[in-house]
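A short write-up of the structure that comes next.
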Amino acid sequence: MSVREDIAAARRRDPAARSGFEIWLLYSGLHAIWAHRVAHWLWTHRARFLGRMVSQFTRFLTGVEIHPGATIGRRFFIDHGMGFVIGETAEVGDDVMLYHGVTLGGVALEAVKRHPTLEDGVVVGAGAKVLGPITIGARSAVGANAVVTKDVPADSTAVGIPAKVRARGESGKAVDTAALWYI
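Residue numbers for the sequence shown, in this note's numbering: 5 to 187.
If you want it as structure tokens, here you go:
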């Protein structure tokens, strides 16, 4: 996982990005991801208090809360980093993109797997809540403000409250996933 790879991922996904320098200096979502890598290393090397400290300081600076126990893949991108919560047992695959205000939250009080797993290539729209030990399958999309509490198979779209799942293109028309984030 490299800073260059993260910056390149941000440039691919954000049409407003003007330069790698701008992304490196100003993108709070990337700053939160980079700080999470430090916090996660501390967490996995038995320095849990320090890991939580880094996590909370990062939340104060960026508005993005990623628990140091969460597992984050490569080329993860947070667009408009503010108001995020990613819980302790959440697992995020490679090439995942989250828009502002997303929660990957838990629904149990026991020390078990209680947060979602997002497989590779998932996109989650603004304000969506993905709750519980569920799996969002590879290359799936979760629409803006959806509340997802059940597994979503690969190559699907989940929209609504509670989220209804459809295979992409199920209605006979191609699904414009870019439009989902602004619903």
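Just so it is clear, CB atoms sit at the ideal spot from N, CA and C, and this is done for glycine as well.
*asked:* By the three-class DSSP mapping on this structure, what secondary structure does VAL170 have?
replied: Mapped onto the sequence shown, residue 170 falls at position 166. The sequence given here places Arg at residue 170; Val does not occur at that position. Strand at ARG170.
*Which residues share a DSSP beta bridge with ALA145?*
Residue mapping note: residue 145 aligns to position 141 of the sequence shown, counting from 1. DSSP, once it has assigned bridges, lists VAL127 and THR161 as partnering ALA145.
*asked:* Taking DSSP's pairing of strands, which residues face MET101 in a bridge?
replied: The residue given as residue 101 occupies position 97 in the sequence shown. PHE81 and VAL127, per the DSSP bridge assignment.
_Coarse secondary structure for THR153, derived from DSSP in three states_ = Locating residue 153 in the sequence shown gives position 149, counting from the first residue. Coil at THR153, not helix or strand.
*Considering only the beta carbon of each residue, do THR153 and GLY136 sit closer than 7 Å?*
Taking the sequence shown and counting its residues from 1, the one referred to as residue 153 is at position 149. Taking the sequence shown and counting its residues from 1, the one referred to as residue 136 is at position 132. Yes, Cβ-Cβ distance for THR153 and GLY136 is below 7 Å.
*Beta carbon of HIS104 nearer than 7 Å to that of ILE70*: Counting from one through the sequence shown, the residue named residue 104 turns up at place 100. Counting from one through the sequence shown, the residue named residue 70 turns up at place 66. Not a contact, by the Cβ cut-off of 7 Å.
*So, using beta-carbon positions, are ALA21 and ALA14 closer together than 7 Å?*
As a first step, residue 21 must be located in the sequence shown, where it is residue number 17. As a first step, residue 14 must be located in the sequence shown, where it is residue number 10. The criterion of a C-beta distance shorter than 7 Å is satisfied by ALA21 and ALA14.
*What distance in whole Å lies between the Cβ atoms of VAL146 and VAL128, which are believed to be in contact at a cut-off of 8 Å?*
Working through the sequence shown from its first residue, we reach residue 128 at position 124. Working through the sequence shown from its first residue, we reach residue 146 at position 142. Going by Cβ atoms, the distance from VAL128 to VAL146 rounds to 4 Å, so yes, they are a contact pair.
*Give a yes or no on whether the C-beta atoms belonging to ARG63 and THR93 are separated by under 7 Å.*
Counting from one through the sequence shown, the residue named residue 63 turns up at place 59. Counting from one through the sequence shown, the residue named residue 93 turns up at place 89. Cβ atoms of ARG63 and THR93: not closer than 7 Å.
*For THR48, the three-state DSSP class (helix, strand or coil)*: As a working mapping, residue 48 is identified with position 44 in the sequence shown. DSSP places THR48 in helix when its eight states are reduced to three.
*Using CA coordinates, which residue listed in ARG16, ASP159 and PRO120 is at the minimum distance from ASP83?*
Residue numbering aside, residue 83 sits at position 79 when the sequence shown is read from its first letter. Of ARG16, ASP159 and PRO120, the residue nearest in Cα terms is ARG16.
*Where do the N-terminal and C-terminal ends of the beta strand (DSSP E) with VAL68 fall, by residue?*
The residue given as residue 68 occupies position 64 in the sequence shown. Its beta strand (DSSP E) spans residues 68-70.
*Quick one, are the C-beta atoms of GLY2 and ALA142 less than 7 Å apart?*
This structure gives no information on residue 2, because the portion of the chain shown stretches from 5 to 187.
*If we ignore side chains and look at the alpha-carbon of each, how far apart do PHE25 and ALA12 end up?*
Indexing the sequence shown from 1 puts residue 25 at position 21. Indexing the sequence shown from 1 puts residue 12 at position 8. Roughly 11 Å separates the two Cα atoms.
*Please list, in chain order, all residues of the same chain as GLY110 whose beta carbon is under 6 Å from its beta carbon, the five residues on each side excluded.*
On the sequence shown, position 106 is the one that residue 110 refers to. Here the set comprises GLY91, ARG118 and HIS119.
*asked:* Given this structure, state the Cα-to-Cα distance separating ALA36 from THR48, to the nearest angstrom.
replied: On the sequence shown, position 32 is the one that residue 36 refers to. On the sequence shown, position 44 is the one that residue 48 refers to. So the two alpha carbons sit approximately 18 Å from each other.
*Determine the extent of the alpha helix (DSSP H) in which VAL7 is found, giving its start and end residues.*
The residue you call residue 7 lines up with position 3 of the sequence shown. 7-17 is the extent of the alpha helix (DSSP H) around VAL7.
*Beta-carbon of TRP38 versus every beta-carbon of chain B: anything under 7 Å?*
In the displayed structure, chain B is absent; only one protein chain is listed.
*Would you list the one or two residues that DSSP bridges to GLY109?*
For the purposes of this step, residue 109 is identified with residue 105 of the sequence shown, where counting begins at 1. Paired residue(s): LEU135.
*With DSSP run on the structure shown, which of helix, strand or coil describes ALA21?*
The sequence position of residue 21 within the sequence shown is 17, counting from 1. Coil.
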